[in-house]
Amino acid sequence: MPIYKAPVEDVQFLLADVFQVGRYDNLPGFADASSDVTAAILGEAAKLCEQVLAPLNRVGDVEGCTRHDDGRVTTPTGFREAFRQYAEGGWMGVSAPAEFGGQGLPATLTVAVNEMLVSANMAFAMYPGLTQGAIAAFIQHGTPEQKATYLPKMIEGRWTGTMNLTEPHCGTDLGLIRSKAVKQSDGSYRISGTKIFISAGEHDLAENIVHLVLARTEGASAGIRGLSLFVVPKFLGHADGSLGARNAVSCGSIEEKMGIHGNATCVMNYDGATGWLIGEEQRGINAMFTMMNEARLAVGVQGLALSEVAYQNAAAYAKDRLQGRALAGAKFPDRAADPIIVHPDVRRVLMSIRAFNEAARALVVWTALRSDVAHRSGDGEARAAADDHMGLLTPVIKGVLTDQGFANTVLAQQIYGGHGYIAEHGMEQFVRDARIAMMYEGANGIQALDLVGRKLPKDGGRALQAFLKELQGYIKEHGDDAMKPYVGPLAVALGHLQQATMWLMQNAPAKPDDAGAGATDYMHLFGLVALGHMWCRIAEAANGKLAAGDGDAVRMTAKLVTARFFFERMLPATATHLAGIQAGAASTMELPAEAF
Ligand SMILES: Cc1cc2nc3c(=O)[nH]c(=O)nc-3n(C[C@H](O)[C@H](O)[C@H](O)COP(=O)(O)OP(=O)(O)OC[C@H]3O[C@@H](n4cnc5c(N)ncnc54)[C@H](O)[C@@H]3O)c2cc1C
1 MPIYKAPVED
11 VQFLLADVFQ
21 VGRYDNLPGF
31 ADASSDVTAA
41 ILGEAAKLCE
51 QVLAPLNRVG
61 DVEGCTRHDD
71 GRVTTPTGFR
81 EAFRQYAEGG
91 WMGVSAPAEF
101 GGQGLPATLT
111 VAVNEMLVSA
121 NMAFAMYPGL
131 TQGAIAAFIQ
141 HGTPEQKATY
151 LPKMIEGRWT
161 GTMNLTEPHC
171 GTDLGLIRSK
181 AVKQSDGSYR
191 ISGTKIFISA
201 GEHDLAENIV
211 HLVLARTEGA
221 SAGIRGLSLF
231 VVPKFLGHAD
241 GSLGARNAVS
251 CGSIEEKMGI
261 HGNATCVMNY
271 DGATGWLIGE
281 EQRGINAMFT
291 MMNEARLAVG
301 VQGLALSEVA
311 YQNAAAYAKD
321 RLQGRALAGA
331 KFPDRAADPI
341 IVHPDVRRVL
351 MSIRAFNEAA
361 RALVVWTALR
371 SDVAHRSGDG
381 EARAAADDHM
391 GLLTPVIKGV
401 LTDQGFANTV
411 LAQQIYGGHG
421 YIAEHGMEQF
431 VRDARIAMMY
441 EGANGIQALD
451 LVGRKLPKDG
461 GRALQAFLKE
471 LQGYIKEHGD
481 DAMKPYVGPL
491 AVALGHLQQA
501 TMWLMQNAPA
511 KPDDAGAGAT
521 DYMHLFGLVA
531 LGHMWCRIAE
541 AANGKLAAGD
551 GDAVRMTAKL
561 VTARFFFERM
571 LPATATHLAG
581 IQAGAASTME
591 LPAEAF
C-alpha cells in the first residue's frame, strides 16, 4: 500500500521562517493562530490524513460510487465514517467566520490542510472541497437569510455543496447554458435543465446537498452575462430549520471515469426544482467566479498534492529497489545490487519532483496569505493589491501546478519501472487521479488564455507591474554572495518574462492568434519565474537558519541543494518558452483544418 506522511514541518517552516506569518497578526484570526495552535492543527490534520483517509484511497478507487435504482448514490466503504470524523473534527470550518460556527482562523491554514487531504485521498477531499467553495459564495453573495439558513449547517458538515455549471453541450463556453429559471409569485424560481459532470452531486455523506446552479431567467440576455446563480437544496427546509420535502432535483446517472472513482460525478436533472436567487439576476457569473477562483486555487493544490504523495512513494521505492551498480563502482558491494537511488537518472527524476513540490507549496502558501489579506485587511489599498495578486496568480497556480503535478506523477511512476503500472503499488492511481485536475475548473489551455487575455491587460497591467516590481525589488535587495546563486538565475528568467510580455503586447493586439498560440508557454514561463522567486525566499530562510544554528541543519542544507538543482536544471526552461512565444502563430495556424 502507498505511504503518506503529511509535510507538517515544511508547512511550519514556510509559515514561520519563509513568510514570517507573525507579520500578519493585525489581520482577524491570525493572532489566534499562534505557532502552537498551528502545530496542533497541522498535527491533527496529519493524523486524520495518514491514519483515516490514506488507507481508504485504494478502497475508493476499487469500489467507486454506486447509483441505486431509486436515485440514491452510496460512497465507497469507509467514506461515511471518515466524513463523520472530518465534520466532527471541525475541519470544514477552520477558516469560516465564527458567527456561523467556524473557527475564523486564516484561510492559509485551510489551504495547507487541504493539500494533505488531497494527497491522502483526492476523491474524498472533493466532497468537503466543493462545500468550502459554496460556503465562500454564500459569504460573499448570500442574503442574511441565506447565510443563516445554509452556512451553519454547511460549516458543521451536516450539509454539503456542489457547483453546477457544465451542460452536455457546454463546458468552457458557459454562455451557451440552456438551464432555465422561471420566477414564481413567492419570489422563488422553478429551475429546469440538465447539468453533467457534477462532482459530489449525490451521495450518502450528508443530510442535505446544496446545489449552486447557473441558469437563465426568462427574457435574460443571451451569452454569459444573462446567467443568474441559484441555490437549489436537495431537501427543502421548514421555517424551524428541519428538512422538508424532496426537491425536484435528482441524479440521473454517475459517470464511469478514469480516476477519482470515490467521488460521485453526476448527471443532475432539474425538473422544475425550487431555487432561490443568489445575488442579482443576470449577475450570476460574478457570484460563480467567487466559487471558481477558490476552486481553481484548490485544483492547483490538487496538482501539488498528488505530486507530493507520488514523490514520497517513489523516493521510498528508490531506496529499497536493488538494480545494477552505481556508475562509479558498487556502493553496497555486500548486497546483490545497489538501490536504484544511486543512479543519476533516477536522482534527476526525484530531484526535479521535489524541487517543484517544495516551491509549489511555497507559492500556494504565499498566495493563500494574500487571499487572507484580500478578504480580511482593513486597509483598502492592501486589499486591492492582494486581490490583484490573487487574480494574476490563480490561472498560473491552476494551470502550472496541475500540468506539472500530473507530469510528476508519471515521472514518479517511472521510478517503479513495470511495477509502477501494476495497481497494487498505487502509482497508476495517482496518475489517473491527477489527470482530471488539468481539465476541470477550466481546462489548462483556458487558464493560459485567462492569464494572457484577461489578467495581463486588466487595469492597464497593474497586477503584472506590481508582481514584476516585487521581484525586481527582491533581486536588488538580495545581491549578496550568499544569495547570488539563486537571484542571479532568477534575474535572467525575469528578463525572459519581461521580453515575453513585451512581445505579446506589441504583437497580440494586431494578431490575436499570436497570443493564443503562445499562451501556454507564457503561463509556464510565468510559473517558473514564480517558483524561482519562491526558491530564493526558501534559500534565504534556510541560509538564515543555518547561520543562526537554529533548526534542522540536514533539512536546511537539503533545501539549498534542491534550490541549486532548480536554478541549474529547471529554471533555464524559461528560454525555451520565450522562443516558443516569439515564434508567433504562423506555423501553428497555417495548415487548413482538413489537413489534420
Ligand atoms: C470528473 C469531472 C468532474 C467535474 N466536476 C464538475 C463540477 O463539479 N461542476 C461543473 O460544473 N463541471 C464539472 N466538470 C466539468 C468540467 O469543468 C469541464 O469538463 C471543463 O470545464 C471543460 O469543459 P468541456 O468538457 O465541455 O470541454 P470543452 O469546453 O468542449 O473544451 C474542449 C477543449 O477545447 C479547448 N477550448 C475550448 N474553448 C476554447 C477556446 N475558446 N480557446 C482555446 N481552447 C478552447 C479546451 O481547453 C479543451 O481542451 C467536471 C468534469 C469532470 C470530467
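Position 526, counted from 1, in the sequence shown is what our numbering calls 526; the numbers after and before it change by one each time, with no gaps. Glycine included, every Cβ here is placed at the ideal spot set by N, Cα and C. Remember, predicted model here, so these are calculated numbers, not experimental data.
- When the Cα atoms are used, M523 and D69 turn out to be separated by approximately 45 Å.
- Set against 7 Å, the gap from the CB of N164 to the closest heavy atom of ligand 1 is smaller.
- The C-beta of L322 has fewer than 16 other C-beta atoms within 10 Å across all chains shown, which makes the residue exposed.
- Between A298 and G129, the CB-CB gap stays under 8 Å.
- DSSP places E594 in the helix class (H, G or I) of the three-state scheme.
- If you check the C-beta of L229 against ligand 1, you find no heavy atom less than 7 Å away.
- Residue nearest to Y440 within the set I278, T265, D513, K484 is T265 (criterion: CA-CA distance).
- Fewer than three Cβ pairs drawn from the region 245-257 and the region 301-317 lie within less than 8 Å of each other, which leaves the two stretches out of contact.
- With 16 or more other CB atoms across the displayed protein chains lying within 10 angstroms of its CB, S95 is buried.
- Ligand 1 never approaches T588 closely enough for any of its heavy atoms to be under 7 Å from the residue's Cβ.
- Checking the 7 Å criterion, the Cβ of F197 is within range of a heavy atom belonging to ligand 1.
- Just measuring C-alpha positions, the residue of V561, L494, L591 sitting nearest L578 is L494.
- Counting other Cβ atoms within 10 Å of its Cβ, V18 reaches 16 or more and is therefore classed as buried.
- Close CB contacts of D25 within its chain, under the 6 Å cut and outside five residues either way in sequence, are with A31 (chain order).
- If you check the C-beta of I209 against ligand 1, you find no heavy atom less than 7 Å away.
- As the crow flies, the alpha-carbon of V213 is around 10 Å from that of W276.
- In the three-state scheme derived from DSSP, where H, G and I count as helix and E and B as strand, A359 is classed as helix.
- DSSP places V396 inside the alpha helix (DSSP H), whose first and last residues are 380-415.
- When the alpha-carbon of R569 is set against those of A593, G551, L528, A434, the nearest one is in L528.
- Taken through DSSP and simplified to helix, strand or coil, R246 comes out as strand.
- In the DSSP assignment, N313 falls within the unbroken alpha helix (DSSP H) covering 284-320.
- For D36, the enclosing alpha helix (DSSP H) covers residues 35-47.
- Within the same chain, Cβ atoms closer than 8 Å to the Cβ of G89 are found at E44, L48, the five residues on either side in sequence being excluded.
- C-alpha of L401 to C-alpha of T110: approximately 18 Å in a straight line.
- Checking the 7 Å criterion, the Cβ of L205 is out of range of every heavy atom belonging to ligand 1.
- DSSP, reduced to helix, strand and coil, places C65 outside both helices and strands of the structure shown, so it counts as coil.
- For W276, DSSP records a beta bridge to V231.
- Closer than 7 Å to some heavy atom of ligand 1: that does not describe the Cβ of K511.
- Annotation for A539: the continuous alpha helix (DSSP H) segment containing it runs 512-547.
- Contact between S199 and N263 holds: their C-beta atoms lie close to 6 Å from each other, under 8 Å.
- Out of F526, F565, M556, the CA that lies nearest to the CA of E540 is found in M556.
- Take the alpha-carbon of R72 and the one of G142: they are about 29 Å apart.
- Counting of Cβ neighbours within 10 angstroms places A360 among the buried residues, the total reaching 16 or more.
- In this structure D379 is not in contact with R462, their Cβ atoms being roughly 17 Å apart against a cut-off of 8 Å.
- Judged by their CB atoms, V231 and Q146 are nearer to each other than the 8 Å cut-off.
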